[in-house]
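Throughout the sequence shown, residue numbering follows our numbering, covering 2 to 303 in sequence.
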Amino acid sequence: MHLVHASKMALYKAFNRAIESNRPADERLFYDPYAKAFLPRSLKFVLWLHRLPFFNWFVYWYIEKLYPGTLTSGAARTRLIDVMTVRTIERHGVNQVVILGAEFDCRAHRLQEVKAQFVEVDHPLAQKAKQAVLAALPYQRRPVDYVPMDMAIQQPDEVIPRLLQRPHYRTLFIWEGVSNSLTGATGDKMFRYFAGFPPGTRIIFTYVDKQVLENPGMFIGAASMTRLLKKSNDNWSFGLDPAGIRDFLAGYDMELEEDIGTTEYRKLYFGKRAGKMKGYEWYRVAMARVKAKNNDHDTGCS
């Protein structure tokens with residue numbers, strides 16, 4: 002497989018989803034049959050070991066030892082965003098889901114029960130590699146519209162078709178694991194772009210607490226994750242203050258609907274076991290809604 006533009010972090014996230022999908026059906030938080038197809042041979046071998054009784058425990062323990070919270074937070078976060086996506090589509094009549102920086106996320110194909118059109122926006126080389134992998138798989142897939150875009154240098158309103166902004170679309174954006182790797186200027190242009198959609202448009206996005214950028218030592222596992230990012234030629238460059246997220250969004254005529262930290266969403270899906278899970282406390286999932294302007298009618302249900 003020639004993943005010419007695949008970041009190492011994108012591969013690691015696919016690997017984490019594959020690990021969770023390896024768990025028994027009555028224990029796993031979600032099932033992603035596509036994730037393992039994107040992995041290089043080395044990670045596929047580790048995934049195979051993970052299926053064996055003894056190594057199942059060891060692989061999980063070893064990853065959590067190196068990078069505390071990466072598996073438990075990642076699994077719970079994926080499940081949370083799945084639930085938020087389905088719930089938002091059903092409650093608010095969403096008929097268009099736009100996934101920004103989709104990488105190897107196959108939510109469009111996993112969530113077969115939802116009735117909405119999916120659009121994926123990502124770097125053109127990453128999209129080409131992803132489509133080649135998916136085309137070789139035997140699974141039935143939902144039609145997806147692919148929009149190539151390099152967020153670092155291109156403007157969304159110049160690349161993404163304007164027809165997506167038409168009033169008859171009720172849109173949900175999913176922006177997972179991307180904003181923390183952008184510059185402040187790029188983050189600003191994306192939030193301004195969201196604000197240009199009709200009132201009632203919703204955005205599910207992840208962000209890191211800005212304190213992890215300023216003082217990683219405050220958080221368990223942040224130092225080791227920072228080293229991994231540097232080895233992968235990646236970094237965290239954009240964070241937000243959870244206490245100021247409501248005011249931040251208000252600056253873009255958006256209203257905060259949900260803001261959930263790792264500790265809370267792990268507890269949602271791991272129950273009492275979450276009390277012993279540590280790491281990734283700097284990571285958060287939020288949902289915002291574009292507010293009505295002046296006499297505009299909010300097309301989303303309140």
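Even glycine gets a Cβ: it sits at the ideal position worked out from N, Cα and C. Keep in mind it's a predicted model, so treat the numbers as computed, not measured.
State the start and end residues of the unbroken beta strand (DSSP E) segment that holds residue i.
| i | result |
| --- | --- |
| residue 101 | 97-101 |
| residue 26 | Note, residue 26: premise wrong, no beta strand (DSSP E); not H, not E. |
What's the call for residue i, buried or exposed, on a 16-neighbour Cβ count within 10 Å?
| i | result |
| --- | --- |
| residue 11 | buried |
| residue 154 | exposed |
| residue 67 | exposed |
| residue 141 | exposed |
| residue 60 | buried |
| residue 171 | buried |
| residue 220 | buried |
| residue 63 | exposed |
| residue 51 | buried |
| residue 128 | buried |
| residue 169 | exposed |
| residue 283 | buried |
Which of helix, strand or coil does DSSP assign to residue i?
| i | result |
| --- | --- |
| residue 3 | With a pLDDT of 41 at residue 3, under the threshold of 50, the modelled position of that residue is not reliable, and the figure given next carries that caveat. Residue state, collapsed to three classes: coil. |
| residue 173 | strand |
| residue 73 | helix |
| residue 141 | coil |
| residue 80 | helix |
| residue 202 | coil |
| residue 278 | coil |
| residue 34 | coil |
| residue 165 | helix |
| residue 11 | helix |
| residue 104 | coil |
| residue 287 | strand |
| residue 249 | helix |
| residue 158 | helix |
| residue 112 | coil |
| residue 179 | coil |
| residue 239 | coil |
| residue 119 | strand |
| residue 149 | strand |
What are the boundary residues of the alpha helix (DSSP H) that residue i is part of?
| i | result |
| --- | --- |
| residue 257 | Careful: residue 257 lies outside any alpha helix (DSSP H), inside the beta strand (DSSP E) at 255-262. |
| residue 55 | 54-67 |
| residue 1 | The structure shown does not extend to residue 1, since the chain is modelled only from 2 through 303, so no value can be given for it. |
| residue 305 | The structure shown has nothing for residue 305, since the chain only spans 2 to 303. |
| residue 191 | 185-196 |
| residue 45 | 42-51 |
| residue 213 | 212-215 |
Using 6 angstroms as the cut-off, classify the Cβ of residue i as near or not near the heavy atoms of the ligand FMN, replying yes or no.
| i | result |
| --- | --- |
| residue 286 | Among the ligands in the structure shown, none appear at all, so the ligand FMN cannot be discussed. |
Kindly list the residues whose CB is nearer than 6 angstroms to the CB of residue i, restricted to its own chain and excluding five residues on each side of it in sequence; keep chain order.
| i | result |
| --- | --- |
| residue 157 | 194 |
| residue 262 | 285 |
| residue 69 | 221, 222, 279, 280 |
| residue 161 | 148 |
Give every residue of the same chain whose Cβ lies closer than 7 angstroms to the Cβ of residue i, excluding the five residues on either side of it in the sequence, and list them in chain order.
| i | result |
| --- | --- |
| residue 249 | 241 |
| residue 211 | 240, 241, 242 |
| residue 246 | 257, 260, 287 |
| residue 275 | 267, 268 |
Short of 8 angstroms in beta carbon distance, which residues of its chain neighbour residue i, apart from the five on each side in sequence? Order them along the chain.
| i | result |
| --- | --- |
| residue 294 | 200, 254 |
Do the region 72-82 and the region 22-35 meet, that is, are 3 or more Cβ pairs less than 8 angstroms apart?
Yes, they touch.
Is there contact here, the region 169-178 with the region 96-109, by at least three beta-carbon pairs under 8 angstroms?
Three or more Cβ pairs closer than 8 angstroms define a contact, and the region 169-178 meets that threshold against the region 96-109.
If you pair each beta-carbon of the region 82-98 with each one of the region 108-126, do three or more pairs fall below 8 angstroms?
Segments in contact, yes.
Sufficient close CB pairs (3 or more, under 8 angstroms) joining the region 264-274 to the region 215-226:
The region 264-274 makes no contact with the region 215-226; the number of CB pairs closer than 8 angstroms stays below 3.
Looking at C-beta atoms only, is the number of pairs between the region 42-61 and the region 8-22 that lie closer than 8 angstroms three or more?
Contact between the region 42-61 and the region 8-22 is present, because at least three Cβ pairs lie under 8 angstroms.
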